[in-house]
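Student: In this note's numbering, the protein residues as written are -17 to 506.
Have a look at this one.
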Ligand code: LUO
Ligand code: ZN
């Protein structure tokens, strides 16, 4: 477990390119595209080449700002492939898509029939790489509108296939009766044990905790520690091995989105853990309540597709249809959570009685559904009413509203953290938003201004959000827990002022000497 006190300005990744050792470094302001181009440059291929990375176990490594760091002794193996000549020589019509899609479809079948098991992650990574190469090709070749229409339908079909494959993956895993978790990148035995330093254990309770410093397995161990330290393992009589399997399965069911990924899940859960300690919540609610809060945080964005409810509803996706446009994403996150808990190997509530499970299920569902920001005003108005004339912790409705506001606070709390920790999240969020608005433009759907890469900047994305959403919400909670003022509201005011200064500076022309090009460095 690393020393958590340092915060590096850049990320270093070690590569093996045809046996040659390379190293790349990139700042947190680099997006997936920048990192892709950096590796392409290091590999001596064009920026349009398909690039995939594999770690020492042969697992594909996702290529994005939050990719796990490695060491010189375990470089990621780089494979690259220029867009194939057949697609170059094609007469630019839809056949290129049919070729790739039929390849992909047959790969799906082979994979399933041959091994009887979905290696969904490998297929997903492979198809995602091919799709982005093909989408880039669309840009390059300027395919005719009619092909683009057909291609777009094909792309959304194949993406639905990925989603269905992944759903089968969860279903399949549920059906498995094996002691180890089927088809995992890692099984429990390879899931390294970490001993946490006393410094890390204390630091973990702080909103200043640097969430970027930890690899996926370390985050799993930190989650386990939180559940043990809060007394939840004792309270629910959880088998510690089941707890590990639960967290592993949760991690596998978060997608590699730029923002809504497993690290976001960890962030939200760690912030909840911090608020529980900061506000001594065990004095005003039961351990069962704390378990509901923490488990809801862990599960609150499960299988997020990277496109928000507005997209789901406007594009009339399967989720929107299934949930009648009513918080489709949040309903889905909750359904996946209980799909995982329905697997005896992962059910951390296997040893509680029926009535307790009923309360837990209702509580977790209520909290996950409360994270739909479309309900922000409704929930906050309700909470403010419960504060007058005095908040009654013994009243179930009041306590439920407080719990909903707490998970909302944690879900959107990035700006409470130190600037070095919070700012990279804005890059991740905007990358995810730009993916969505690019797709909405391609599909002729409405585009929200705060998602439009031609309209939004980091300051404009954050100033309004901090001033009109975050500060009012945390100030309201501080009426119950005054300690929040100095530890959470004050950092929000500092962040607001910083973004207002940044906006001020952005609107001034840069002095002639300075080039404000993004700095990226390739070190041999
Ligand atoms: C608020 C929200 C909704 C969906 C996805 C992410 C977010 N988060 C954020 N949005 N979560 C954290 C942050 C953050 O730090 N900044 C923003 N900024 C902008 C883009 C924003 O204002 N988003 C926003 C605001 C309100 C809303 O519904 C009322 C939905 C999105
Ligand atoms: Zn979230």
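Note that CB positions come from ideal geometry on N, CA and C, so glycine has one too.
If you reduce the DSSP assignment to three classes, tell me which class residue 62 lands in.
Tutor: Of the three classes helix, strand and coil, the one that applies to residue 62 here is strand, per DSSP.
Student: Tell me, to the nearest whole angstrom, how far the beta carbon of residue 197 is from that of residue 50; I am working on the premise that it is less than 8 Å.
Tutor: Confirmed, about 5 Å.
Student: Can you have a look at residue 363 and say buried or exposed, based on whether 16 or more other CB atoms are within 10 angstroms of its CB?
Tutor: Exposed is the call here.
Student: Could you give the DSSP three-state label for residue 420: helix, strand or coil?
Tutor: Here residue 420 sits in helix by DSSP.
Student: When burial is assigned at 16 or more other CB atoms within 10 Å of the CB, is residue 183 buried or exposed?
Tutor: By the 10 Å Cβ count, residue 183 comes out exposed.
Student: Taking 7 Å as the cut-off, is the CB of residue 447 close to at least one heavy atom of the ligand LUO?
Tutor: Yes, the ligand LUO has a heavy atom inside 7 Å of this Cβ.
Student: Who are the Cβ neighbours of residue 1 in its own chain at under 8 Å, not counting the five residues just before and after it?
Tutor: Excluding positions up to five away in sequence, the list is empty.
Student: Can you list, in chain order, the residues of its chain whose CB lies under 7 Å from that of residue 98, leaving out five sequence neighbours each side?
Tutor: Per-residue confidence for residue 98 stands at a pLDDT of 37, beneath the threshold of 50, marking its modelled position as unreliable; no derived number is given.
Student: Between residue 479 and the rest of its own chain, which residues show a CB-CB distance below 7 Å, the 5 nearest in sequence each way excluded?
Tutor: None.
Student: Whose CA, out of -3, 349 and 329, lies closest to the CA of residue 218?
Tutor: Ranking the options by Cα distance to residue 218, first place goes to 329.
Student: To the nearest angstrom, how far is the alpha carbon of residue 288 from that of residue 418?
Tutor: Residue 288 and residue 418: Cα-Cα distance of roughly 8 Å.
Student: In chain order, what residues of the same chain lie with their CB nearer than 7 Å to the CB of residue 501, ignoring the 5 residues before and after it?
Tutor: Confidence at residue 501 is low in this model, with a pLDDT of 44, below 50, so the placement of that residue should be treated as unreliable; the coordinate-derived value is given next. The answer, listed in chain order, is 9.
Student: Please list, in chain order, all residues of the same chain as residue 154 whose beta carbon is under 6 Å from its beta carbon, the five residues on each side excluded.
Tutor: Model confidence at residue 154 stands at a pLDDT of 40, short of 50, so the residue's coordinates are unreliable and nothing is read from them.
Student: Sorry if obvious, but does the Cβ on residue 358 come closer than 7 Å to a heavy atom of the ligand LUO?
Tutor: Answer for residue 358: yes, Cβ within range of the ligand LUO.
Student: Identify which residue in 392, 393, 361 and 396 has its Cα closest to the Cα of residue 379.
Tutor: Out of 392, 393, 361 and 396, 361 has the C-alpha closest to the C-alpha of residue 379.
Student: Checking the sheet assignment: what are the DSSP bridge partners for residue -2?
Tutor: Answer is 3 and 59.
Student: Going by Cα to Cα distance, which pick from 16, 229 and 375 is closest to residue 170?
Tutor: Per the Cα distances, 229.
Student: Under the three-state reduction of DSSP, which class applies to residue 36: helix, strand or coil?
Tutor: The answer is strand: DSSP assigns residue 36 an E or B state.
Student: For residue 14 and residue 47, which I take to be in contact (beta-carbon distance under 8 Å), what is that distance rounded to the nearest angstrom?
Tutor: Indeed, because the Cβ distance is near 7 Å, the residues count as touching under 8 Å.
Student: Counting only runs that start and end within the region 365 to 406, where is the beta strand (DSSP E) found for 3 or more residues in a row?
Tutor: The qualifying runs do not exist here; there are none.
Student: Roughly how many angstroms separate the alpha carbons of residue 444 and residue 404, rounded to a whole number?
Tutor: Whole-angstrom Cα-Cα distance: 11 Å.
Student: Roughly how many angstroms separate the alpha carbons of residue 442 and residue 431, rounded to a whole number?
Tutor: Looking at the two C-alpha atoms, the distance is approximately 11 Å.
Student: Tell me whether residue 411, by its Cβ, gets closer than 7 Å to a heavy atom of the ligand LUO.
Tutor: Answer for residue 411: yes, Cβ within range of the ligand LUO.
Student: Starting from residue 170, trace the alpha helix (DSSP H) both ways and give me its first and last residue.
Tutor: First-last for residue 170: undefined, no H or E at that position.
Student: State buried or exposed for residue 125, treating a residue as buried only when at least 16 other CB atoms are found within 10 Å of its CB.
Tutor: Reliability fails at residue 125, whose pLDDT of 44 lies under 50, so the model's placement of it is uncertain and the value that follows must be treated cautiously. Flag for residue 125 reads buried.
Student: Tell me whether residue 96 sits in a helix, a strand or coil according to DSSP, three-state version.
Tutor: Note on residue 96: pLDDT 45, under 50, position unreliable in the model; no value is reported.
Student: Can you check whether the CB of residue 25 is closer than 8 Å to the CB of residue 63?
Tutor: Cβ atoms of residue 63 and residue 25: not closer than 8 Å.
Student: Judging by CA-CA distance, which residue of 296, 282 and 265 is the nearest neighbour of residue 246?
Tutor: The option with the nearest alpha carbon to residue 246 is 282.
Student: Does the Cβ of residue 350 lie closer than 7 Å to at least one heavy atom of the ligand LUO?
Tutor: Outside the cutoff, so no.
Student: Using the three-state DSSP reduction, which class does residue 336 fall into: helix, strand or coil?
Tutor: Looking at residue 336 - three-state DSSP - the assignment turns out to be helix.
Student: Could you tell me which residues DSSP pairs with residue -8 in its beta bridges?
Tutor: Note: residue -8 sits in a beta bridge opposite 9.
Student: Going by C-alpha distance, which of 57, 240, -4 and 11 is nearest residue 413?
Tutor: Selected option, being the one with the closest Cα: 240.
Student: Confirm, please, whether the CB-CB distance from residue 389 to residue 349 is below 8 Å.
Tutor: Yes, the Cβ-Cβ distance between residue 349 and residue 389 is below 8 Å.
Student: Would you call residue 303 buried or exposed, if buried means 16 or more other Cβ atoms sit within 10 Å of its Cβ?
Tutor: Flag for residue 303 reads exposed.
Student: Grab the span of the alpha helix (DSSP H) containing residue 208 for me, first residue to last.
Tutor: Taken as a continuous stretch (DSSP letters only), the alpha helix (DSSP H) holding residue 208 covers 198 to 211.
Student: Is it buried or exposed, residue 252, if we count other Cβ atoms within 10 angstroms and call 16 or more buried?
Tutor: Buried is the call here.
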